[in-house]
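Structure record follows, encoded as structure tokens.
There are 2 protein chains.
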Amino acid sequence: MNADEYIRSRMGVIEKEMYANIPAEPKEVYGMLGEFISRGGKRIRPVLVLASCSACGGKEESALPFAVAIELFHNFTLIHDDIEDASPMRRGKPTIHTQYGIPIAINSGDALYSIVWNALVRKVEPQKLRGGGIIMIDAFRRVAEGQGIELNWYRENRFDVGEKEYLRMAGGKTAALIGASCELGAYSAGAGKEEQAALKGFGEKIGLAFQIKDDVLNLTADPAKYRKKIGEDIDEGKRSLITIHLIANTPESVRKKVVALLGKKKKSAKDIGDAIALAKEYGSIKYASDYAERLVREAKASLGALGKAEGRELMQSLGDYIVERER
Amino acid sequence: MNADEYIRSRMGVIEKEMYANIPAEPKEVYGMLGEFISRGGKRIRPVLVLASCSACGGKEESALPFAVAIELFHNFTLIHDDIEDASPMRRGKPTIHTQYGIPIAINSGDALYSIVWNALVRKVEPQKLRGGGIIMIDAFRRVAEGQGIELNWYRENRFDVGEKEYLRMAGGKTAALIGASCELGAYSAGAGKEEQAALKGFGEKIGLAFQIKDDVLNLTADPAKYRKKIGEDIDEGKRSLITIHLIANTPESVRKKVVALLGKKKKSAKDIGDAIALAKEYGSIKYASDYAERLVREAKASLGALGKAEGRELMQSLGDYIVERER
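Going down the list, the sequences are from chains A and B.
Offset between the first sequence (1-based) and the working numbering: plus 586.
Offset between the second sequence (1-based) and the working numbering: plus 586.
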């Protein structure tokens, strides 16, 4: 089964279990969460949990509570990130804080994070709760750490971010949760430490590639296929592997221009176009794109330890899916 | 041992374990959390966990991770509540969002909530993780539900809140966590279902009394002893048992005056003084005060099921402490 087919085949069971975890009452707290979840999303994280479990010969029932908890956690972070980034839209609709105001959006996010733990403590097999809980919480902490590091760059108006610092940030904010998804699949299947570590490593690599690819797409996607605004990241002054490469690998005069441009509060369409043109000219987009592809190649190669060819191929196909998408 | 002595005797172990749970790095995420915790607080919740455990003949080591997790959770809610209520000060210092901005404050609160679960999954005895986790998460959910209900009153500018609705809100926002504190103490001691239920009931009653007493103090405290501004709740248009009684038990003309006054965006010192005077005149403060005292009486009487006299007396003394405080 290839990635597309597998994703389609697991969507129903994931969606159903996600909704089953959202309480009906009080409506003023949970109603908006049901609506938020119904907006969809790639569901790549729970798919990776189930695929990893299956690749390690486990049963889907063991992995499902972890899969759903991870996707609900991801949705919780979106609600809070949207406040933190002042984003007006999410998945084609106004963000929760745009609809209900910041106080209610913060609280509903918190309620969703509690729903995550409710799913875990109630639905995970008791003998897997501690081990699985530790994998979960280590990832959840790294997500907040990555987000905190990035928010601090904005607060301090810092553009002198090095590649290592960037990788620590994105490694927490994005890769940790995808790494945990694959690790939990293996853990819930009862796989050995070595297989768990291999899948965690695979997940972190494709997770990082996913983020880098996201940043590349934001500057280069086909506007007809892309759901966000091209160049939005430049508009927000976002630090990415692209901007870091651009700042580190250009003559002093260009560097100054780029930093001034990214630091502007209000950017014109020309500013954004100029930044994208410079990123192309100095090879920064290619650098990031190659970086992501290398990560996926390494991730795929690292699955040598994984038992059956069938499972390995599914995971590798999912790895490809992540960098080959067009939106 | 009376309440004061007991609280003093347990403070060291609670504080030490709280700090032990806050990671050192990255500083930009966790530094402010260590500082926030160092501002102190009554620590009434962890004290109740330890006291309940001891009253049920348990060992403190079993109860300590729950005690600390509950207090860290409480601190997390303060960080987010302060954003939601736009409060400038907390424990004599600027609130986290006043110091670092709303984005970082939201994220640091989230990081603290993750620290709560880190403490639980790593430090609770594995065989108590599921049972204790369920007690925890049920309380955490009710806290967010109570907060959500209250935020919605503000958003809809509703003053026609009934006593039953108020009790549901405060029962979640404040009483649930104090009920869980006592229940977890019993649970960690290995007490039977009946004792656990008795302590939960005791905790919820004194928790509700605690909130009502808080609201009474806000209007009647001795300014020399009180740390907040007298009448601040009126200024914020807060719905309390006092304002609900005042609106429900006064002639139409007074009711209208009170609703108009509470609904004002900007209130003068005279407005606040007028509201307090009306609450006194129509017996609303006495009503709330009596209500809180009745709850504590009932809570204390309900501990008949509890084994040893010594433990029972400590719990009863802690119940009294909650309504007898002056700030």
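Glycine residues also receive a C-beta, built at the ideal position from the N, C-alpha and C atoms.
When rounded, the separation of the alpha-carbon atoms in B/V615 and B/N704 is 16 Å. Boundaries of the alpha helix (DSSP H) harbouring B/E751: E749 to A756, taken from the DSSP string. Only residues of its own chain outside the window of five on either side were considered, and among them none has a CB closer than 7 Å to the CB of A/S700.
Taking C-beta atoms under 8 Å as the contact rule, A/I690 and A/I665 fail to qualify, at a distance of about 10 Å.
In the DSSP assignment, A/P680 is bridged to A/M675. Rounded to whole angstroms, the separation of the alpha carbons of B/I692 and B/A891 is 43 Å. Sequence-distant Cβ neighbours of B/W739 in its own chain, meaning closer than 7 Å and more than five residues away, are V747 and R825.
Within the stretch 860-902 of chain A, the runs of alpha helix (DSSP H) at least 4 residues long that lie entirely inside it are, in chain order, 870-887.
Listed along the chain, the chain B residues whose CB falls inside 7 Å of the CB of A/Y773 amount to none; the nearest CB is some 13 Å away.
DSSP places B/P712 inside the alpha helix (DSSP H), whose first and last residues are P712 to R741. Against B/Y752, chain A offers no close residue; the least beta-carbon distance is about 14 Å (beta-carbon pairs closer than 7 Å). Close to B/I720, with beta-carbon spacing below 7 Å, are these residues of chain A in chain order: V707 and R708. For a cut-off of 8 Å, the C-beta gap from A/I816 to A/P809 is around 6 Å, short enough to register as a contact. Look at B/R631 here: in three-state DSSP terms it is helix. For A/N693, the chain B residues whose Cβ falls inside 8 Å of its Cβ are H666, E670, A730, Q733, G734 and L737, in order along the chain.
When CB distances to chain B are screened at a threshold of 9 Å, not a single residue of the stretch 810-825 of chain A falls below it. Cβ contact annotation for A/Y873 (same chain, cutoff 6 Å, sequence separation greater than five): H831, in chain order.
When A/R841, A/I735, A/N804 and A/A895 are compared, the shortest CA-CA separation from A/L864 is found for A/R841. Taking the beta carbon of A/L658 as reference, no residue of chain B falls within 8 Å; the closest one sits roughly 13 Å away.
Relative to B/L715, the option among B/D860, B/A649, B/A672 and B/R741 whose CA is nearest is B/A649. By alpha-carbon distance to B/G598, the top candidate from B/N588, B/E751, B/P612 and B/S624 is B/S624. Linking B/G687 to A/M675 through their CA atoms gives a straight-line distance of about 22 Å. Rounded to the nearest angstrom, the Cβ distance from B/E822 to B/D671 is 7 Å, consistent with a contact under 8 Å. With a cutoff of 8 Å on beta-carbon distance, B/L763 and B/R631 are scored as near each other. A/C639 is positioned such that its CB atom lies closer than 8 Å to that of A/A775. A/A887 counts as exposed, since fewer than 16 other C-beta atoms from the protein chains shown sit within 10 angstroms of its C-beta. Between the stretch 892-911 of chain A and the stretch 795-806 of chain A, the count of Cβ pairs shorter than 8 Å is three or higher; the stretches touch. DSSP places B/Y812 outside both helix and strand once states are collapsed to three, so it counts as coil. Taking C-beta atoms under 8 Å as the contact rule, A/A641 and A/S903 fail to qualify, at a distance of about 11 Å.
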